[in-house]
Every structure is written in structure tokens, then in C-alpha cells.
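Student:
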Amino acid sequence: MICFMKPAFDQRIALALEERRQQGLNRQLTGLCGGNGSRFSAGEHAYLNFSSNDYLGLATDAELANAWKKGIDLLGNGSAASPLVTGFSSAHQALESRLCQWLGYSRAILFSSGFSANQAMLFALLQKGDLLLQDKLNHASLIEAGMLSPATMKRFKHNDVTHLKALIEPNALVVTEGVFSMDGDSAPLQAIEQCLPNSAWLAVDDAHGIGVLGEQGRGSCNQAGVKPQILVVTFGKAFGLSGAAILCDESTGDYLTQFARHHVYSTAMPPSLAYALTHAIDLIDTQQWRRDKLQELQACYHDQCASLEGYVETDSPIKPVLMGSSARALSVANALREQGFWLTAIRSPTVPVDGARLRITLTANHTVEHVTQLASALKRVLED
Ligand SMILES: Cc1ncc(COP(=O)(O)O)c(C=O)c1O
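For the sequence shown, the UniProt record's numbering gives the first residue as 1, with consecutive numbering after it.
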């Protein structure tokens, strides 16, 4: 007898999509035009962009674009292979050296994304019987890798060093973000470092702190005076480009070169990108005005928005406005969109079900006038 049973995948996909729709959690892509600067258009409408992670405004910087073009002229298009085959060029080598010199580590290992760097780090380091302690609000790439790894993973309450102390054991690996992506607050890095036994290791994912905090933008760890055994930096945010690196000591670097599967078995980033990233470090290092501008905008945002319901004080350019339900977050984001402001409603599962929010991000490309316009629109919409 021929069986015409539908594959279970069809049903699974249909059910999952329907559930998302019913919960009001469906997500959609929008094709934007005109680059990811402080203004862009979508369809026929123009928007002020308060959603990107381009904190220093480098994603549309002409000097950086020229460096990337020069990199293409000098080095061609793709890397054409994984790093251990022929994908590792003098430009990759120069980027690694510059990162090490800038951040004070012996080794830097490059990845095509922060997601893959985090996964590679945890999969390569952890074995059965290990204890992995992660901040509850760590990024999905870290939590997912921890769950899939053979180690025992426990999550400590967000930024709660007392809870971490209660869980800590010798030889544990403790992982935290430097600046939390959806909350904009900073980890208590000094207190975390101080509570670790000598045999435990600390890994910090500073995706949102690098470039923005610390001396010459060296990030959260530099600002806190802490040197974790592992530092992950990503290039898709303040660097205005994409990719990531793990910074570590000599032997960990050798180990990751052998065992970090996302490094070994994946095409290296284009050499022109590595060339541009080295240039981006020079810009971040020397152009303090970008961080000063952010400080000015943050002060302006605080002055004008601190009295709003849901306002959260942060020291970073990430400014959440708590909305509670997903429905409210969506309706406020849509109302703001109608007034020409592009803000993303962040909903479950990215944040807890009742923790939906607007995630406002400020960048060095914004002006005080932009922030003032946003503050007025927020007041109008929230007080409606
Ligand atoms: C804290 C954190 N780590 C890692 C990542 C992943 O980085 P990438 O976008 O380069 O994959 C992100 C991205 O949103 C992030 O917020």
C-alpha cells in the first residue's frame, strides 16, 4: 500500500508559524534603502533610524569605505578558503596583530561573526564534567552553545555577584557580556573577577562595549580594569563592519587554531574586510570625538526622556523603554514609525514575555536635534 502521509515538517512549520502569529510575535524582514545611517528610507517613506548598533557612525563613514575599496584593489574579493588552507592573508595577520597590540593580548583569532566566535569558544573549551556559569541575560549564541555543550551549565541572576558566588566552583568557566545588548547596562566586571577562584576562567563578550567604552574605546574590560582570560569582540557594531575575534593567551590561541571548528572549517573573512577592520581600529583609537558626541547625545536623551514611563537609565548608547506586553511595544513602535522614527519593538523570545520594550540606540551620526525630535514623538505617543 502506498502511504501518502504528509511529512511531519509541513505540519510543524505551519503550527509554529500560526502560534507566532497568534501570540503577536511574528517577525518580518524589511528591505531598507540608502545605507544604515541616521536616516534611511523603506518603501516611499523616510525615517530617522534609532535601531542600529552602529554606535560610532562608522557603517557609513567615507574614509572607512575608501579603506575597504583600497583593500579590494590590493587583495581581491573573497578569501577563497578557510584560514588553515589559503584563506589567511597578510591583511588577516595585520588585523590580528593590531587587535593584540590595542587590547593587550598575545593572540587574536578571527571569525566571520560574533555568533560563531561565541559558539566556537564554548564548544572548543568545554568538556563533560565542566561547570559553565553564565549571566541569565547572555546573548542567544552563548546560552545556546552552553546548552548544547557537554558541560553542566548554570545561569546566575543578571549581574548578581552574590548568586554567582553561591554557584562558583574551582575550574568553572564564567561568561558574561560587558554591556548587555537588550538592557544597555554593564556587568560588574571587577566584582566578578574578584570572586573567582584562581583556577576559574572569565570570558567576556564585549560586543556592545568595544569601541564605545574605556580608553580610546578599548571596551568594558579596559574601563573596569579587568583582564579576562578570554575577550570576545565583534565588528558588526561600533566597528561599522562585520566579523569578530577571540583574544587570549598564546597557548589558548594555538588551541583554538586547532579546535575552534567555526574558525577551522569556515571560509575566512574577505582580506579586504580584514584590511578595513585594521583601519577601523585606527579610527576608533584616534577619533575620540565620536565617543564625546555619544556622551552629549546620551545626556540630552536623559534630560528629555528621564520622566517617561518605562525609561531606563544606562551608561551605554542602548536606551530601553520598557513597555510590558508585546502588543503595547508593537503598537508604540508602529505609531512612532508613522511619525517617521524607526525603532524596533523587542519581544519574546529575545526578552522575557512581560519584558517587551523599545530598544533605542544612539549613534555618533545623530544630532541633538534628532534626539529632541525623538523625545517629543515618544512623549506624544506614550501619553496618548
Ligand atoms: C552580546 C552579543 N554577542 C554576540 C552577538 C553576535 O554577533 P554577530 O552579529 O557578529 O554575529 C551579538 C549580536 O547581536 C550580541 O549582541
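Note that beta-carbon positions come from the ideal geometry of N, C-alpha and C, so glycine has one too.
Kindly indicate the opening and closing residues of the beta strand (DSSP E) around ASP206.
Tutor: It is not in any beta strand (DSSP E) - ASP206 carries neither H nor E in the DSSP assignment.
Student: Going straight from the alpha carbon of THR344 to that of VAL332, what length do you get?
Tutor: 10 angstroms
Student: Which residue wins for smallest C-alpha separation from ASN77, given the options VAL353, ALA274 and ILE13?
Tutor: Nearest option by C-alpha distance: ALA274.
Student: If you measure from the CB of GLU144, is any heavy atom of ligand 1 nearer than 7 angstroms?
Tutor: no
Student: Need the endpoints of the beta strand (DSSP E) that MET323 sits in, please.
Tutor: 318-324
Student: Secondary structure at THR350, three-state DSSP: helix, strand or coil?
Tutor: coil
Student: Here's the rule: buried if 16 or more other CB atoms are within 10 angstroms of the residue's CB, otherwise exposed. What is PHE259?
Tutor: Exposed, because fewer than 16 other Cβ atoms sit within 10 Å of the Cβ of PHE259.
Student: Give the single residue among ALA80, VAL264, GLY324 and GLN288 whose Cα lies nearest to the Cα of LEU110.
Tutor: VAL264
Student: What does the Cβ neighbour count give for ARG291, buried or exposed, with the cut at 16 atoms within 10 Å?
Tutor: buried
Student: Return the CA-CA distance between GLU63 and LYS165, expressed in angstroms with no decimal places.
Tutor: 47 angstroms
Student: Considering only residues of the segment 99-123, which uninterrupted beta strand (DSSP E) runs meet the minimum length of 3 residues and lie entirely inside it, listed in chain order?
Tutor: 107-111
Student: According to DSSP, is VAL312 helix, strand or coil?
Tutor: coil
Student: Return the bridge partner residues of MET153 from the DSSP annotation.
Tutor: LEU132
Student: Report yes if the C-beta of ASN118 is less than 7 angstroms from at least one heavy atom of ligand 1; otherwise report no.
Tutor: yes
Student: With a Cβ-Cβ cutoff of 8 angstroms, do ALA200 and ASN171 count as a contact?
Tutor: The answer is yes: Cβ separation under 8 angstroms.
Student: Quick check: what's the CA-CA separation for ASN26 versus ALA306?
Tutor: 31 angstroms
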